[in-house]
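A short write-up of the structure that comes next.
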Amino acid sequence: MASDGFLRFLSGLFGWVYFLAWSLSFYPQGILNWRRRSTSGTVVDFHFINIFARRIPRASRTSLAGGSLNPHGMIVRTTPGSLLPGRWAGSPPPPPRCQGSRLTWIVNIANHDILGTGFSAYFVSNVAFSYSSVVRAQYAARHHGLEPTVQFNDITFALHGVALSLITTSQYLFSSTWGFTPSAGNRPSRFILGVTAGCMVGVVFTYLLVAIAPGSDPLTDWVALDIVYAIGYVKVIITLVKYTPQMLFNFTNKSTEGWSILQILLDLTGGILSIGQQGIDSYLQHDWSGITGNPVKFALGNISMIYDGIFIFQHYVLYRDARPRGDAENERLLADEERRLD
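With our numbering applied, the sequence shown has no gaps in its numbers, which climb one by one up to 351 at the end.
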């Protein structure tokens with residue numbers, strides 16, 4: 010049908026536009042800091058933890074126009090666009106082969122939905138899925154013989170995210186090197202450091218489980234694939250908390266001065282188009298399980314859009330008349346730095 014053809018085109022278009030929007034969203038805050046020669050009005054927490062967790066574009070999906078069916082009746086990826094591997098065409102998916110296994114629903118989040126791991130974790134997991142024959146074989150054993158569909162653009166996107174997040178974070182941690190004036194929030198709060206450390210402990214614990222008692226059956230034993238999964242699980246927690254420090258900082262200071270609203274608008278644009286694409290793909294497949302099958306998973310995948318809405322409300326409604334701070338106000342903020350989330 011002509012309408013289906015248009016929807017396929019629209020799905021692919023949405024995929025590329027939100028990929029571009031999310032890619033561009035890395036730049037505004039760093040550019041704004043550079044122009045102001047200051048990071049005042051913002052905290053490093055958001056950018057620091059972004060190195061470890063941020064929603065990742067579904068660039069590894071394809072639109073139906075670019076997809077094809079493999080022998081298992083599943084749509085596989087050929088070009089960046091819409092659908093994840095593992096979504097069945099015209100029929101519901103079969104029961105998982107690992108029923109009751111370790112947090113199966115989180116494993117599905119890590120591999121089969123719009124939630125993405127952090128940039129560094131995303132890079133590591135993509136490299137493992139692309140180049141580790143052991144991990145690829147274990148993945149195939151758990152997913153009906155299918156191999157992970159990771160392409161080179163997934164890896165380059167992750168590297169791009171890591172690089173930009175590191176650059177922006179360095180503006181806070183090494184502000185004197187950048188020639189910036191000292192500002193409140195230039196070091197990560199104990200809260201964010203604690204969350205990050207906890208996630209790392211979880212990954213190390215999984216590694217020890219695999220190393221101490223290595224298994225041979227990927228369906229029932231702890232294997233190398235579980236380490237890759239563990240690297241992805243950190244996003245579930247961090248996605249819930251990473252926006253909180255900046256949101257509370259804005260609330261405390263009754264201002265969004267210094268916080269780039271453009272990065273939020275780009276992130277929200279990408280999120281809306283991502284959901285739109287998911288809806289189009291579900292309609293074309295007559296399968297809404299990606300949205301209705303696990304509301305918790307869907308909510309986690311889009312929670313950053315709620316925070317985007319809060320930031321927009323703060324910027325354009327609550328604090329729209331807030332004036333730029335002078336030196337005296339910056340000095341007060343420096344004195345109050347310990348009252349963030351520490």
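Note that the Cβ used here is the ideal one computed from N, Cα and C, for glycine as well. It should be emphasised that the depicted structure is a prediction, and the values quoted were computed from it without experimental measurement.
Is residue i near residue j, with beta carbons less than 8 angstroms apart?
| i | j | result |
| --- | --- | --- |
| Thr253 | Phe57 | no |
| Gly170 | Phe35 | yes |
| Thr51 | Gln255 | yes |
| Leu16 | Leu293 | yes |
| Leu217 | Val144 | no |
| Ile60 | Leu175 | yes |
| Ser313 | Thr248 | yes |
| Ser264 | Ala193 | no |
| Gly288 | Gln180 | no |
In whole angstroms, what separates the C-alpha of residue i from that of residue j?
| i | j | result |
| --- | --- | --- |
| Ile236 | Asn311 | 25 angstroms |
| Leu202 | Val136 | 26 angstroms |
| His5 | Arg46 | As displayed, the chain neither begins before 10 nor continues past 351, which places residue 5 out of reach and without an answer. |
| Arg196 | Gln323 | 23 angstroms |
| Asp13 | Ser20 | 10 angstroms |
| Leu93 | Gly285 | The predicted model places Leu93 with a pLDDT of 39, which falls under 50 and marks its position as unreliable; any figure quoted below should be read in that light. Spanning the two alpha carbons is a distance of roughly 15 angstroms. |
| Leu173 | Ser129 | 12 angstroms |
| Asn262 | Tyr238 | 39 angstroms |
| Ile315 | Tyr325 | 15 angstroms |
| Phe28 | Ile246 | 23 angstroms |
| Gly154 | Phe258 | 49 angstroms |
| Gly241 | Tyr131 | 7 angstroms |
| Thr229 | Ala150 | 11 angstroms |
| Ser141 | Glu156 | 11 angstroms |
| Gly207 | Leu182 | 21 angstroms |
| Phe138 | Pro191 | 42 angstroms |
| Val210 | Thr165 | 27 angstroms |
| Arg329 | Asp317 | 16 angstroms |
| Trp43 | Leu33 | 16 angstroms |
| Trp25 | Ile221 | 44 angstroms |
| Val243 | Phe200 | 15 angstroms |
| Arg111 | Leu277 | Note that Arg111 has pLDDT 40, beneath the 50 cutoff, so the model's placement of it is unreliable and no number is given. |
| Trp297 | Phe260 | 38 angstroms |
| Phe161 | His152 | 22 angstroms |
May I ask you to list the residues that DSSP assigns as paired with residue i?
| i | result |
| --- | --- |
| Ser47 | Thr190 |
Roughly how far, in whole angstroms, is the beta-carbon of residue i from the beta-carbon of residue j, given that I think they are within contact range, below 8 angstroms?
| i | j | result |
| --- | --- | --- |
| Ser49 | Gly188 | 14 angstroms between Cβ atoms; not a contact. |
| Val250 | Val204 | 6 angstroms |
| Leu275 | Phe23 | The pair is not a contact, with the Cβ atoms about 15 angstroms apart (cut-off 8 angstroms). |
| Val219 | Trp231 | 5 angstroms |
| Asp405 | Ser198 | The structure shown does not extend to residue 405, since the chain is modelled only from 10 through 351, so no value can be given for it. |
| Ala30 | Gly224 | Actually they are not in contact, since the Cβ atoms of Ala30 and Gly224 sit about 42 angstroms apart, beyond 8 angstroms. |
| Gln147 | Pro227 | 4 angstroms |
| Leu41 | Ser185 | Incorrect: roughly 19 angstroms between the Cβ atoms, too far for contact. |
My parser needs the alpha helix (DSSP H) runs of 4 or more residues fully inside the region 192-266; what are they? 199-221, 233-250 and 253-262
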